[in-house]
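Peer 1: Can you keep this structure in mind? I'll have questions shortly.
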Amino acid sequence: VVTFVPNVASAAGLAGNYFSPYQGKNLSVRFDYNITQKHRLFARYSHDGNGGLGPNGGSAQLPSHWLRNTNWSDQSLLGFTSTLKPTVVNDFRFSYQYWQNRNLFPTNSDCPGCVGLTFPEVAVTGTNVTVGDTSNATQGRDLRRYNITDSLSWQHGSHSLHFGGEIEHAPGTGFWGYCDPACTVVAPPELVRANVPASLVSVLFPTLPTKIVTNADFLNLPFLGGVVGIGDPSQPPPYNVDQAKVNNRYRLYASDSWRIKPGFTLNYGLAWSLESTLVNRDLNKPAYLAPLYGSDLSPTNNNYHNFSPALGFAWTVDKAQKTVVRGGFGIYYDTESLYRRLQERAFIGPVGNGRIQFPTTGFTNIFPGIVNVSLGGVPIAVGAPLPSGQLINLTLGQYLQIQQQQGPVIAAQLAPKNLNDLSVTNIDINKSAAQLYPKNYPVQHGLHFDLGVQRQIARDLVVDVDFVRRVYLNTLLGEVDYNRYNRYINGVRSPVIPVCPAAQKNTPGVECSNGPITFWTPGGRSVYNAMLVKVNKRFARRFQFTASYALTDQHGYNGLVDLDHWNASWGPQGARNILNVSGLVDLPWGFQFGMISQSSSRGPIMPSISGVELTGDGTTGQPLPGLAFNCLNRGCGKSDLVSAVAAWNQSYAGTKDALGKTIPSVVLPQNYALGDNFNSQDVRLTKTFKYRERYQLSIFAEGFNIFNIANLGGYSFNLDQVTPTNQNFSFGQPTSRAGQVFGSGGPRAFQLGARVQF
Numbered sequence: 039v040v041t042f043v044p045n046v047a048s049a050a051g052l053a054g055n056y057f058s059p060y061q062g063k064n065l066s067v068r069f070d071y072n073i074t075q076k077h078r079l080f081a082r083y084s085h086d087g088n089g090g091l092g093p094n095g096g097s098a099q100l101p102s103h104w105l106r107n108t109n110w111s112d113q114s115l116l117g118f119t120s121t122l123k124p125t126v127v128n129d130f131r132f133s134y135q136y137w138q139n140r141n142l143f144p145t146n147s148d149c150p151g152c153v154g155l156t157f158p159e160v161a162v163t164g165t166n167v168t169v170g171d172t173s174n175a176t177q178g179r180d181l182r183r184y185n186i187t188d189s190l191s192w193q194h195g196s197h198s199l200h201f202g203g204e205i206e207h208a209p210g211t212g213f214w215g216y217c218d219p220a221c222t223v224v225a226p227p228e229l230v231r232a233n234v235p236a237s238l239v240s241v242l243f244p245t246l247p248t249k250i251v252t253n254a255d256f257l258n259l260p261f262l263g264g265v266v267g268i269g270d271p272s273q274p275p276p277y278n279v280d281q282a283k284v285n286n287r288y289r290l291y292a293s294d295s296w297r298i299k300p301g302f303t304l305n306y307g308l309a310w311s312l313e314s315t316l317v318n319r320d321l322n323k324p325a326y327l328a329p330l331y332g333s334d335l336s337p338t339n340n341n342y343h344n345f346s347p348a349l350g351f352a353w354t355v356d357k358a359q360k361t362v363v364r365g366g367f368g369i370y371y372d373t374e375s376l377y378r379r380l381q382e383r384a385f386i387g388p389v390g391n392g393r394i395q396f397p398t399t400g401f402t403n404i405f406p407g408i409v410n411v412s413l414g415g416v417p418i419a420v421g422a423p424l425p426s427g428q429l430i431n432l433t434l435g436q437y438l439q440i441q442q443q444q445g446p447v448i449a450a451q452l453a454p455k456n457l458n459d460l461s462v463t464n465i466d467i468n469k470s471a472a473q474l475y476p477k478n479y480p481v482q483h484g485l486h487f488d489l490g491v492q493r494q495i496a497r498d499l500v501v502d503v504d505f506v507r508r509v510y511l512n513t514l515l516g517e518v519d520y521n522r523y524n525r526y527i528n529g530v531r532s533p534v535i536p537v538c539p540a541a542q543k544n545t546p547g548v549e550c551s552n553g554p555i556t557f558w559t560p561g562g563r564s565v566y567n568a569m570l571v572k573v574n575k576r577f578a579r580r581f582q583f584t585a586s587y588a589l590t591d592q593h594g595y596n597g598l599v600d601l602d603h604w605n606a607s608w609g610p611q612g613a614r615n616i617l618n619v620s621g622l623v624d625l626p627w628g629f630q631f632g633m634i635s636q637s638s639s640r641g642p643i644m645p646s647i648s649g650v651e652l653t654g655d656g657t658t659g660q661p662l663p664g665l666a667f668n669c670l671n672r673g674c675g676k677s678d679l680v681s682a683v684a685a686w687n688q689s690y691a692g693t694k695d696a697l698g699k700t701i702p703s704v705v706l707p708q709n710y711a712l713g714d715n716f717n718s719q720d721v722r723l724t725k726t727f728k729y730r731e732r733y734q735l736s737i738f739a740e741g742f743n744i745f746n747i748a749n750l751g752g753y754s755f756n757l758d759q760v761t762p763t764n765q766n767f768s769f770g771q772p773t774s775r776a777g778q779v780f781g782s783g784g785p786r787a788f789q790l791g792a793r794v795q796f
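Be aware that the sequence shown starts at 39, since it is given in the numbering used here, and climbs by one per residue.
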């Protein structure tokens, strides 16, 4: 069951509990065979088939925005282990995996009478309300992986040497019909009334609903922009598909564990890895992109130098051998999600090659009387391009009429002509693009440092204290608009590539733009420092337990909030304190009791004001000035927030922002929370029955979150703007509680189970 609670008052009528069905089947078989005393063979087959209807991602959503998801996965594994000498062992593995997945829209039989069913995706800005066909469908994939690994272990004197390698061949095809028919954003009534004088609301927005309950209500909300999916949804797109659909992965490594003396061991090693098709090596960038990409239009560089050194030690410092000091350093490279390169192939490939995101700024207005409220009421003439991210009095229903009229014309211009002709590409006509790759794209990697001590306190009790530091480099900042299409200088839209005149908005060879041109940007960094303390009692005298505590300090980029100053979002992240305790005890009469307790403190937050552009950099939300980024719950408290709100209302409210829009006053609710801690305690009671030596039946009862702690979430930290009447509040108000992911943290739940062993 999914509980949805809107975080905006006008949509309160959409709250409800919705049934989310799921069913799955699993099968696993293993075969072991000793060929000789020195050679062993094993084979394993596993199958997982499942299907369900539910939200896309982890957050609660309305059912019309859900996915019908089905999966079929098979894996076969063959292993051959050989003892070549008493000191030399070789282990060979071959595996084959097939995965078929389909993500489809819900149908009327899945969701009878659901609000927004068969609509385009409609997201109400600044809220958790989204209805209609999700942008993540229709989608499917048929992926295969052939993997060979081989490792050799050699014990040579005081050295324990390991060598090995891996080769993976991974072909895959699929489809992704995103934004079908469109992905749109609309404004809630609260935003309109906070930004438009009351006397003009009924004049400019005569059909504006007071509540959002029906399909008609959504159609009458003001349109704020979006994108339309146009073209062939096949992935990879047709151009050079035989090369594009395959990724080959290679890895080599060598390591040694050298016991220099009885109490001191030195570990060191080196690995190297390469993936052939993480970026599109077969496609040059079109000349159109030179102002953003640079004069060298050759393909994005591959990562040929991903070397991973590692060094560590373990030192037993006392004669009793109860105290061990250990430390280590290593560099570890991540991989890259292969889907990220697929969108670029459509934009920089031949005309008609694949599906592209066409911005709604490429459509022109057909209705008289439309004005741009964000720019102070500037008229949008018939034939003028539609704006994006700005409040206008064009409704969603009117926009859909524009798309229905002009969409087929655009689709015809982008239809395939010659899928081997790169002289004209989709971006030359579209004049906008998404998810391109820059010239240099280093994959994310981390530098890991560890130093710790382990002390045996008693025969069955060990205490560990570790200090760790993780520095993650080239972390992904997401898609960044290098074109700066929404940048305003002196009140004028000023992208890097000038805005297209209406007569040339889809003319090849003309250097102009219709919208953002985004690039995946690995420009981030994060630093994690922590002290980890663990007490571990092994099973003895009928019980065991493990207790661990982490005191953490993590800082990194929290998205991009100022495109002129990327470091503006640098700040703390994650929970400061984390405590986990688990244990079990054998009771009389064949009973066993176990428990797991998880606790963590609330994370840092940053309040913001939506719809305000102080500097014109192109972002649509403004972090509240006067507070260090994410300092609330990290040194700042409610008194600091109150002072910052008062300073905003005194220094900014009533003045004009970079778009010429009046900056609103903001107000705090009388009662609000800056997030919530997490606590959950789970228990299990097991009764075991034994029959002879070979048969055992275990019956168990489990309770999850037995104290039914709410673990609230779904908070909005957008500050509420002052409205003359009917002031509503969403800031700091919880709209959900933790879900039942394996039961932990969600509403209190119980289950019974049994296990047979023979």
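We treat Cβ as the ideally placed atom computed from N, Cα and C, and that holds for glycine.
#1: Output the distance between the C-alpha atoms of A220 and G95, rounded to the nearest integer angstrom.
#2: Spatial neighbours of G301 within its chain, please: CB distance less than 6 Å, with the 5 preceding and 5 following residues excluded, ordered by chain position.
#3: Could you tell me the alpha carbon to alpha carbon distance between P244 and V447, rounded to whole angstroms?
#4: Could you compute how far the alpha carbon of L122 sits from the alpha carbon of L190?
#5: Are there three or more Cβ pairs, one per stretch, closer than 8 Å when the segment 276-296 is compared with the segment 405-412?
#6: Hey, is the segment 415-430 in contact with the segment 465-481, meaning 3+ C-beta pairs nearer than 8 Å?
#7: Out of Y60, I440, L413, point me to the one whose CA is closest to V420's CA.
#8: How about the segment 262-280 and the segment 385-401: do they share at least three Cβ pairs that are nearer than 8 Å?
#9: Determine the direct distance from the alpha carbon of N458 to that of T163, and round the result to whole angstroms.
#10: Do the segment 617-630 and the segment 742-756 meet, that is, are 3 or more Cβ pairs less than 8 Å apart?
#11: Just tell me which of P337, T315, S311 has its CA closest to the CA of P347.
#12: With respect to the beta strand (DSSP E) encompassing D502, which residues constitute its N-terminal and C-terminal limits?
#13: Buried or exposed: where does F143 fall if 16 or more other Cβ atoms within 10 Å of its Cβ makes it buried?
#14: Distance, Cα to Cα, R364 vs W558?
#15: For S774, which residues from the same chain have a beta carbon less than 7 Å from its beta carbon, with the 5 sequence-adjacent residues on both sides left out?
#16: Could you tell me the distance, in whole angstroms, from the CA atom of A232 to the CA atom of A666?
#17: Whole angstroms are fine: how far does the CA of D112 sit from the CA of S66?
#18: Whose CA, out of G87, T584, L79, G92, lies closest to the CA of P59?
#19: Please confirm whether T373 and R287 have their CB atoms less than 9 Å apart.
#20: Output the boundary residues of the beta strand (DSSP E) element that contains P661.
#21: With a 10 Å radius around its C-beta and 16 neighbouring C-beta atoms as the bar for buried, classify K676 as buried or exposed.
#22: Is any heavy atom in the ligand MN found nearer than 8 Å to the beta carbon of R179?
#23: To the nearest angstrom, how far is it from the Cα of I73 to the Cα of R576?
#24: Leaving aside the five residues before and after V126 along the sequence, list all residues of the same chain whose C-beta is less than 6 Å from its C-beta, in chain order.
#25: For K698, collect the residues of the same chain with a Cβ closer than 6 Å to its Cβ; drop the 5 residues on either side in sequence, then sort them by chain order.
#26: If you draw a straight line from the alpha carbon of E651 to that of L52, how long is it in whole angstroms?
#27: Thinking C-alpha only, which one of I369, T119, G264 is nearest P554?
#28: Taking 9 Å as the cut-off, decide whether the C-beta atoms of Q789 and E731 are in contact.
#29: Please classify N410 as buried or exposed, where buried requires at least 16 other C-beta atoms within 10 Å of its C-beta.
#30: Could you give the uninterrupted runs of the alpha helix (DSSP H) lying entirely in the segment 410-496, keeping only those of 4 residues or more?
#31: Report the three-state DSSP secondary structure of F256 (helix, strand or coil).
#32: Kindly indicate the opening and closing residues of the beta strand (DSSP E) around L304.
#33: Rounded to whole angstroms, how far is the Cβ of E228 from the Cβ of T653, which I believe are closer than 8 Å?
#34: Strictly by DSSP, which residues pair up with Y801?
#35: Using the three-state DSSP reduction, which class does T590 fall into: helix, strand or coil?
#36: Return no unless some Cβ of chain C is closer than 9 Å to the Cβ of G553.
Peer 2: This is what the structure gives:
#1: 20 Å
#2: T354
#3: 31 Å
#4: 10 Å
#5: no
#6: Not touching, per the Cβ criterion.
#7: Comparing Cα positions, the closest option is I440.
#8: yes
#9: In this structure, the straight-line span from the alpha carbon of T163 to that of N458 is close to 41 Å.
#10: The segment 617-630 makes no contact with the segment 742-756, as fewer than three CB pairs between them are under 8 Å.
#11: S311
#12: 499-513
#13: buried
#14: 39 Å
#15: Closer than 7 Å at Cβ, skipping near neighbours: T41, V43, A98, G751, G752.
#16: 27 Å
#17: 10 Å
#18: Of the listed residues, the one whose Cα sits closest to P59 is G92.
#19: yes
#20: Taken as a continuous stretch (DSSP letters only), the beta strand (DSSP E) holding P661 covers 659-661.
#21: exposed
#22: In the structure shown, the ligand MN is absent, as is every other ligand, since no ligand is present at all.
#23: Taking the straight line from one Cα to the other gives about 37 Å.
#24: W192
#25: In the sequence under discussion, the amino acid at residue 698 is Gly, which differs from the Lys named in the question. Correct list, in chain order: L413, G414, G529.
#26: 31 Å
#27: G264
#28: no
#29: buried
#30: 434-451, 464-468
#31: In the three-state reduction of the DSSP assignment, F256 falls in the helix class.
#32: 302-313
#33: The Cβ separation is near 25 Å, so there is no contact.
#34: Coverage of the chain is limited to positions 39 through 796, which leaves residue 801 absent and any answer about it impossible.
#35: strand
#36: Given the protein chain composition of this structure (a single chain), no chain C is represented.
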